[in-house]
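Asker: Oh and the sequence shown: position 372 is 399 in the numbering used here, straight run, nothing missing. Think of the CB as a built atom: it goes at the ideal place given N, C-alpha and C, for glycine as much as any other residue. The structure presented is a predicted model; accordingly, all values stated were derived computationally and were not measured.
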Amino acid sequence: MTVEQPTAESTEAPARDWFQSAVVYQVYPRSFADSDGDGIGDLRGIISKLDYLHRLGVDVLWLSPIYTSPQDDNGYDIGDYRSVDPIFGTLADLQELTDGLHTRGMKLVMDLVVSHTSDEHPWFVESRSSKDNPKRDWYWWRKPRAGTVPGTPGAEPNNWGSAFSGPAWDYDPASGEYYLHLFSKKQPDLNWENPDVRAAVYEMMNWWLDRGVDGFRMDVINFISKDTALPDGPMADGRLYGDGTPYYIGGPRIHEFLQEMHREVFADRTGPLLTVGEMPGVTVEEAVLFTDPARAEVDMVFQFEHVALDQENGNKWRPKKLKLTELKETLGRWQDGLAATGWNSLYWGNHDQARAVSRFGDDSPQYRELSAKMLAGILHLHRGTPYVYQGEELGMTNMSFGAISDYRDIEVLNHHREATTHLGHTDADVLAALAPLNRDNARTPVQWDATRHAGFTTGAPWIAVNPNANHINAAAQIDDPGSVYNFYRQVIELRHTDAAVSHGDFTMLMPEDEHVYAFTRSIPGSTLLVLGNFSGIGQHVTLGEAWDTAEPVLGNYPGNASASDQLRPWELKVFRRHSDG
Ligand code: TEU
28 MTVEQPTAES TEAPARDWFQ SAVVYQVYPR SFADSDGDGI GDLRGIISKL DYLHRLGVDV
88 LWLSPIYTSP QDDNGYDIGD YRSVDPIFGT LADLQELTDG LHTRGMKLVM DLVVSHTSDE
148 HPWFVESRSS KDNPKRDWYW WRKPRAGTVP GTPGAEPNNW GSAFSGPAWD YDPASGEYYL
208 HLFSKKQPDL NWENPDVRAA VYEMMNWWLD RGVDGFRMDV INFISKDTAL PDGPMADGRL
268 YGDGTPYYIG GPRIHEFLQE MHREVFADRT GPLLTVGEMP GVTVEEAVLF TDPARAEVDM
328 VFQFEHVALD QENGNKWRPK KLKLTELKET LGRWQDGLAA TGWNSLYWGN HDQARAVSRF
388 GDDSPQYREL SAKMLAGILH LHRGTPYVYQ GEELGMTNMS FGAISDYRDI EVLNHHREAT
448 THLGHTDADV LAALAPLNRD NARTPVQWDA TRHAGFTTGA PWIAVNPNAN HINAAAQIDD
508 PGSVYNFYRQ VIELRHTDAA VSHGDFTMLM PEDEHVYAFT RSIPGSTLLV LGNFSGIGQH
568 VTLGEAWDTA EPVLGNYPGN ASASDQLRPW ELKVFRRHSD G
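1) Note down, in chain order, each residue of its chain lying with its Cβ closer than 7 Å to the Cβ of Gly193, except the 5 sequence neighbours on either side.
2) Between Tyr166, Ala491, Glu220, Leu77, which has its C-alpha nearest Gln474's C-alpha?
3) Could you give the C-beta distance for Leu70 and Leu121, rounded to a whole number, given that I count them as a contact under 8 Å?
4) Does Asn185 pass the burial test, meaning 16 or more other C-beta atoms within 10 Å, or should it be called exposed?
5) At a cut-off of 7 Å, is Val247 close to ligand 1 when judged by its beta-carbon and the heavy atoms of the ligand?
6) Could you check what DSSP says for Asp259 in three-state terms: helix, strand or coil?
7) Quick check on the burial criterion: 16 or more other C-beta atoms within 10 angstroms. Buried or exposed for Leu90?
8) Judging by CA-CA distance, which residue of Gly277, Asp63, Arg82, Ser156 is the nearest neighbour of Pro113?
9) Opposite Met545 in the DSSP bridges: which residues?
10) Which first and last residues belong to the beta strand (DSSP E) in which Asn186 is found?
11) DSSP beta-bridge partners for Met137?
12) Between which two residues does the beta strand (DSSP E) holding Leu599 run?
13) What do you reckon, is the C-beta of Tyr103 under 7 Å from a heavy atom of ligand 1?
14) Gly552 and His605: beta carbons closer than 8 Å?
15) Sort Ala455, Thr554, Ala321, Leu124 by Cα distance to Leu80 and report the nearest one.
16) What is the rounded straight-line gap between the Cα of Ser529 and the Cα of Lys350?
17) Since I believe Tyr414 is in contact with Val51 (beta carbons under 8 Å), could you give me their beta-carbon distance rounded to a whole number of angstroms?
18) Let me check one thing: in DSSP terms, what residues is Phe329 bridge-paired to?
19) How big is the Cα-Cα spacing for Arg280 and Met137?
20) Run through DSSP, which three-state label would Thr310 get?
21) Along the chain, where does the alpha helix (DSSP H) containing Pro222 start, and where does it finish?
22) Can you grab the Cα-Cα spacing for the pair Lys600 / Ala481, in whole Å?
23) With a floor of 4 residues, list each alpha helix (DSSP H) that falls wholly inside the segment 360-424, ordered by position along the chain.
24) For the beta strand (DSSP E) that contains Trp150, what are its first and last residues?
25) Quick one: is the Cβ of Asp379 within less than 7 Å of any heavy atom of ligand 1?
26) Below 8 Å, can you find three or more Cβ-Cβ pairs linking the segment 325-333 to the segment 295-303?
27) Can you look up Asp69 in the DSSP assignment and give me helix, strand or coil?
28) Can you say whether Ser58 is buried or exposed, counting buried as having 16 or more other CB atoms within 10 angstroms of its CB?
29) Going by beta carbon distance, what residues of the same chain come within less than 6 Å of Ser385, once the five residues before and after it are set aside?
30) Let me know the secondary structure DSSP gives Pro194 once reduced to three states.
31) Roughly how many whole angstroms lie between the Cα atoms of Gly509 and Ala294?
32) Which two residues bound the contiguous beta strand (DSSP E) that contains Gln53?
33) Which of helix, strand or coil does DSSP assign to Trp219?
34) Once you ignore the five residues that flank Pro307 on each side, which residues in its own chain have a CB closer than 6 Å to its CB?
35) Assign Lys347 to buried or exposed, taking buried as 16 or more other Cβ atoms, counted over all protein chains shown, within 10 Å of its Cβ.
Shown next as structure tokens:
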């Protein structure tokens with residue numbers, strides 16, 4: 028295949044906000060590092076690894092929830108927003124972590140979960156206490172469907188299903204009404220139509236910013252505006268409940284709410300802040316509106332199109348083979364869509380997604396390291412802010428869980444129960460369907476060394492450590508210049524030093540090729556060519572004479588990337604060409 032030559036009309040690298048040459052590292056605290064031997068990661072464990080993160084070169088730490096919580100959804104069910112749960116430590120520990128990051132020139136972004144609270148949050152306890160409680164309207168309470176017997180199947184106010192199986196409504200016999208929960212029944216949805224709810228959230232956000240945090244990752248923030256009629260959603264095959272997403276994703280007031288949040292929380296702040304909105308179902312057209320700086324909503328969004336390509340109809344329990352051409356079409360469309368206005372976030376994984384090297388690469392002994400590095404180069408050299416999920420920099424893989432008792436995730440456990448009791452599936456069938464994309468794949472403890480429990484804890488880990496920690500671990504990689512860890516250091520350094528990476532124009536090449544991912548990044552005078560082989564088969568690529576004198580910049584095979592027209596299995600090659608404009 029021939030690599031088309033990019034046109035030369037690149038624009039001046041525009042002055043952009045600080046986060047456009049930054050890299051974010053996500054810590055899922057429960058699985059990162061345990062300092063007190065209770066088998067659960069904690070803040071002091073993170074503090075002990077700050078030099079590891081600083082050496083990696085990341086600029087921002089996104090910290091998944093550490094607030095007081097019943098831990099029904101591992102902290103995404105918050106019982107007190109202005110607190111640290113004792114399993115993770117204290118507010119003083121969090122301040123020490125914040126200060127430790129700042130003294131290293133790094134920043135802290137907190138996870139903001141305000142589309143719902145825990146059912147044990149005082150707000151909900153009050154709201155639930157009686158129909159005339161002043162906080163009753165802080166949540167979504169509705170009467171049973173007319174003509175039904177309250178508390179029986181079908182009596183829910185509408186047919187929406189929960190993301191964690193079952194209906195999205197739970198019956199409260201004391202009041203004879205139902206409350207809405209798009210996730211677990213211990214995660215009641217806040218009613219953002221109520222201005223008192225919004226004011227309380229903004230006050231809490233300001234409290235955190237006043238303590239020195241540098242921004243927020245906003246959990247399902249495009250769910251906060253809903254169609255207040257709460258109509259039934261369409262039924263889909265194999266589903267027991269209706270799909271409510273058309274009525275709760277990106278509702279009519281979403282931009283109003285985010286602009287109000289910006290005015291009340293961020294507008295008068297001077298320090299460099301970062302806001303990223305997690306937005307399941309968001310389109311690139313909507314993302315232009317959400318991330319247009321002139322609209323003052325959020326800096327960037329997490330979109331989900333590329334992590335739905337390996338599922339039948341977006342059903343993660345019906346996995347299918349990913350097509351590279353579809354991945355390139357999706358990511359290329361997002362690059363083009365946000366080229367002029369707004370900004371992309373870039374990620375392969377997080378605490379909700381399977382491990383990148385197992386999902387998008389090849390985690391076999393022969394190709395795990397090569398494909399992990401290739402994936403890093405491809406992602407980090409796109410235009411946008413890259414996110415590294417804990418352990419991704421080590422090439423950590425999915426976990427092989429045995430029985431359902433090995434799992435911890437509520438999403439998995441609820442699905443297994445529903446599928447085996449209501450859908451007639453066998454235990455073995457459900458376990459097979461769960462394996463590739465379950466969230467616990469990414470939640471096994473970070474593998475620090477080859478000692479017991481991978482150096483994660485001196486106690487009994489809350490979830491099993493991956494046995495491959497005996498050879499996949501930080502201790503084995505830190506000082507190995509050829510390790511995945513040190514390859515991540517190189518690509519992160521490129522973003523810090525090469526304006527073509529942080530600001531250059533993106534041009535997809537070879538869009539129809541089923542094995543090679545190829546693109547250029549250009550600024551006046553300099554163009555990078557990035558080539559990645561997403562297969563275990565050698566590929567032929569004709570670079571064209573314009574690249575004959577190009578300088579090799581990066582490669583994942585020993586020795587520099589050759590200028591040959593071959594891409595070896597899972598090979599990444601990056602070249603730089605200096606042009607006069
Ligand atoms: O996840 C929201 C989200 O992306 C879900 O649609 C996702 O698909 C979910 O994990 C089911 O697969 C956020 C958090 O990242 C996730 O950990 C929480 O469980 C969820 O919101 C509720 O707070």
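Answerer: With the structure as the only source:
1) Here the question's residue 193 lines up with position 166 in the sequence shown. Answer for Gly193: Asn441, Glu445, listed in chain order.
2) Within the sequence shown, numbered from 1, the residue matching residue 474 stands at position 447. Gln474 has its Cα closest to that of Ala491, out of Tyr166, Ala491, Glu220, Leu77.
3) Within the sequence shown, residue 70 is the residue found at index 43, counting from 1. Within the sequence shown, residue 121 is the residue found at index 94, counting from 1. That belief holds up - the Cβ atoms of Leu70 and Leu121 are roughly 6 Å apart, short of 8 Å.
4) Locating residue 185 in the sequence shown gives position 158, where the first residue counts as 1. Asn185 comes out buried.
5) On the sequence shown, residue 247 is found 220 positions in, with the first residue counted as 1. Yes, the beta carbon of Val247 sits closer than 7 Å to at least one heavy atom of ligand 1.
6) Working through the sequence shown from its first residue, we reach residue 259 at position 232. Here Asp259 sits in coil by DSSP.
7) Taking the sequence shown and counting its residues from 1, the one referred to as residue 90 is at position 63. Its Cβ being crowded by 16 or more others within 10 Å, Leu90 is buried.
8) As a working mapping, residue 113 is identified with position 86 in the sequence shown. Of Gly277, Asp63, Arg82, Ser156, the residue nearest in Cα terms is Asp63.
9) Within the sequence shown, numbered from 1, the residue matching residue 545 stands at position 518. According to the sequence displayed, residue 545 carries Ala and not Met. DSSP, once it has assigned bridges, lists Leu536, Leu558 as partnering Ala545.
10) The count along the sequence shown starts at 1 and reaches residue 186 at position 159. Note, Asn186: premise wrong, no beta strand (DSSP E); not H, not E.
11) Here residue 137 refers to the residue found at position 110 of the sequence shown. BP columns for Met137 point to Leu90, Phe243.
12) Within the sequence shown, residue 599 is the residue found at index 572, counting from 1. Where Leu599 is concerned, the enclosing beta strand (DSSP E) stretches over 599-605.
13) What you label residue 103 is simply residue 76 of the sequence shown in a count that begins at 1. Tyr103 Cβ: within cutoff of ligand 1.
14) On the sequence shown, position 525 is the one that residue 552 refers to. On the sequence shown, position 578 is the one that residue 605 refers to. Cβ atoms of Gly552 and His605: closer than 8 Å.
15) As a first step, residue 80 must be located in the sequence shown, where it is residue number 53. Per the Cα distances, Leu124.
16) Residue 529 sits at position 502 when you count from the first residue of the sequence shown. Residue 350 sits at position 323 when you count from the first residue of the sequence shown. Cα to Cα, the separation comes out at about 27 Å.
17) Along the sequence shown, read from residue 1 onward, the residue named residue 51 stands at position 24. Along the sequence shown, read from residue 1 onward, the residue named residue 414 stands at position 387. Correct: roughly 5 Å between the Cβ atoms.
18) By one-based count along the sequence shown, residue 329 stands at place 302. Glu305, per the DSSP bridge assignment.
19) Residue 280 sits at position 253 when you count from the first residue of the sequence shown. Residue 137 sits at position 110 when you count from the first residue of the sequence shown. One C-alpha to the other measures close to 24 Å.
20) Translated into the one-based positions of the sequence shown, residue 310 becomes position 283. Looking at Thr310 - three-state DSSP - the assignment turns out to be coil, as it is neither helix nor strand.
21) Taking the sequence shown and counting its residues from 1, one reaches residue 222 at position 195. Run containing Pro222: 222-237, per the alpha helix (DSSP H) assignment.
22) Here the question's residue 600 lines up with position 573 in the sequence shown. Here the question's residue 481 lines up with position 454 in the sequence shown. Distance between the alpha carbons of Lys600 and Ala481: 33 Å.
23) 383-386, 395-407
24) Within the sequence shown, numbered from 1, the residue matching residue 150 stands at position 123. From DSSP, Trp150 is part of no beta strand (DSSP E) but of the alpha helix (DSSP H) over 149-156.
25) One-based indexing of the sequence shown puts residue 379 at position 352. Yes; taking the cut-off as 7 Å, the Cβ of Asp379 has a heavy atom of ligand 1 nearer than that.
26) yes
27) To locate residue 69, count along the sequence shown from 1; it is residue 42. Coil, per DSSP.
28) The residue you call residue 58 lines up with position 31 of the sequence shown. It is buried - the Cβ of Ser58 has at least 16 other Cβ atoms within 10 Å.
29) For the purposes of this step, residue 385 is taken as residue 358 along the sequence shown, with counting starting at 1. Thr424, Asn425, listed in sequence order.
30) As a working note, residue 194 is residue 167 in the sequence shown. Here Pro194 sits in strand by DSSP.
31) Within the sequence shown, numbered from 1, the residue matching residue 509 stands at position 482. Within the sequence shown, numbered from 1, the residue matching residue 294 stands at position 267. Cα to Cα, Gly509 sits roughly 44 Å from Ala294.
32) Here residue 53 is taken as the residue at index 26 of the sequence shown, counted from 1. Run containing Gln53: 51-54, per the beta strand (DSSP E) assignment.
33) Here residue 219 is taken as the residue at index 192 of the sequence shown, counted from 1. It is coil, neither helix nor strand.
34) Residue mapping note: residue 307 aligns to position 280 of the sequence shown, counting from 1. Phe331.
35) In the sequence shown, residue 347 corresponds to position 320, counting from 1. Under this definition Lys347 is an exposed residue.
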